[in-house]
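Q: Going by the working numbering, the first residue of the sequence shown is number 14, and it counts up by one from there. Attaching a single structure in structure tokens format; questions to follow.
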Amino acid sequence: MTRAFVFPGQGSQAVGMGKALAEAFTEARLVFEEIDDALGQKLSRLMFEGPESELVLTANAQPALMAVSMAVIRVLEKDARLALPQLASHVAGHSLGEYSALAAAGALPVADAARLLRLRGDAMQKAVPVGEGAMAALLGLDLPAAQEIAAAAAAGDVCDCANDNAPGQVVVSGHRKAVERAVEIAKTKGAKRAILLPVSAPFHCALMKPAAAAMAEALGRATIAPPRVPLVANVTASAVSDPEAIRDLLVQQVTGLVRWRESVSWMKSQGVTTLVECGAGKVLSGLTRRIEAEMTGVALNGPQDIEAFVKTI
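What follows is the structure, encoded as structure tokens:
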């Protein structure tokens, strides 16, 4: 199998996401109804109609993105008349996308994944008072250079590397003043650009420890089954199938570095040549060739994407 399925993280949400799927496929509507029921909220209406100001809230965006990803998977499996293990050798997700990946692989029930993501979003938002944290993209620098800059910028505060997305695209996260210092230092260290990101909290850094504790408690109560295909974990950039190891890695992920660049390269080392992004947006498929020039990224967002993809199988 030369194909892996990948699942987007926060930032890929947009008003209207999933609407065309719901209009075209019963399987998609059933996913959205299941998640609405699990959360006791008409999340699907918020996804389809907005307002954007509510959709982008972390506690809404995280389960919403998972919902669209699962709708794509359910429609794809029906249209292709193939189960996920016949379609992909691995699954992986960027940050919250790991929960989408686990739900797609049958390790987490969809309703449980939605409730966990709602809790995760709430816990991440509450971990740091609004305005005290920040994230910034350092463009044109590799991970070791970004790590040096983050260490220099910390000066007693928190400034960690949060996402290693692709060659020359590293995100730092932490106390606002420290991240602002990192932006200024990066400009003197050869960065092409260094820009603050419009986020509501400083994800994937030590400031998220309260959220990690909340997730440890919630995941301790969750039922996790062995995934139908291995998960390539953010924290290790390698495959994992053991439920207890997955549970531990999901907790570590809250404060840990998202090693996406390494994850993609590891999948290539296992013979994967195509990454199929299932859900909203095209961020991960767009990064694929930047990470590994010989790999291909395909995005499945709506009915036409799925129809075209099924013809290639």
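No residue lacks a Cβ here, since even glycine has one placed at the ideal position from N, Cα and C.
1) By how many angstroms is the C-alpha of residue 309 removed from the C-alpha of residue 302?
2) Whole angstroms is fine: what's the gap from residue 10's alpha carbon to residue 312's?
3) Rounding to the nearest angstrom, what Cα-Cα distance links residue 300 and residue 45 in this structure?
4) Beta-carbon separation of residue 225 and residue 124 under 8 Å?
5) Which complete beta strand (DSSP E) runs does the region 154-184 hold, if anything under 3 residues is left out?
6) Skipping 5 residues on each side, what residues in its chain have a beta carbon closer than 8 Å to that of residue 96?
7) Of the residues 57, 286, 25 and 24, which one's Cα is nearest the Cα of residue 34?
8) Counting C-beta neighbours from all protein chains within 10 Å, is the total for residue 255 16 or more, i.e. buried, or is it exposed?
9) Over what stretch of residues does the beta strand (DSSP E) that includes residue 290 continue unbroken?
10) Which two residues bound the contiguous beta strand (DSSP E) that contains residue 210?
11) In chain order, what are the residue ranges of uninterrupted alpha helix (DSSP H) at least 4 long that sit wholly in the region 101-138?
12) Looking at residue 174: is its Cβ nearer than 8 Å to the Cβ of residue 100?
13) Going by beta-carbon coordinates alone, are residue 75 and residue 23 separated by less than 8 Å?
14) Expressed to the nearest angstrom, what Euclidean distance is found between the alpha-carbon atoms of residue 152 and residue 163?
15) In its own chain, which residues sit with a C-beta less than 6 Å from the C-beta of residue 266, not counting the 5 before and 5 after it?
16) Return the residue from the list 218, 117, 63 and 146 that minimises the CA-CA distance to residue 239.
A: The answer reads as follows:
1) So the two alpha carbons sit approximately 6 Å from each other.
2) In this structure the chain extends from 14 to 326, so residue 10 is not present and cannot be described.
3) Residue 300 and residue 45: Cα-Cα distance of roughly 28 Å.
4) Contact annotation: residue 225 and residue 124 have beta-carbon atoms that are not nearer than 8 Å.
5) Positions of the beta strand (DSSP E) runs, each at least 3 residues long and wholly inside the region 154-184, are given as 172-179 in order along the chain.
6) Taken in chain order, the residues that qualify are 90 and 241.
7) Across the set 57, 286, 25 and 24, the C-alpha of 57 shows the shortest separation from the C-alpha of residue 34.
8) Exposed, since its Cβ has fewer than 16 Cβ neighbours within 10 Å.
9) Per DSSP, residue 290 belongs to the beta strand (DSSP E) from 287-291.
10) It is not in any beta strand (DSSP E) - residue 210 carries neither H nor E in the DSSP assignment.
11) Within the region 101-138, the complete alpha helix (DSSP H) runs of at least 4 residues are 110-117.
12) No. Outside cutoff.
13) Yes, the Cβ-Cβ distance between residue 75 and residue 23 is below 8 Å.
14) If I take the Cα positions, the gap works out to 14 Å.
15) In its chain, beyond the 5 residues on either side, 247 and 248 have a beta carbon closer than 6 Å to the beta carbon of residue 266.
16) Nearest of 218, 117, 63 and 146 to residue 239, Cα basis: 117.
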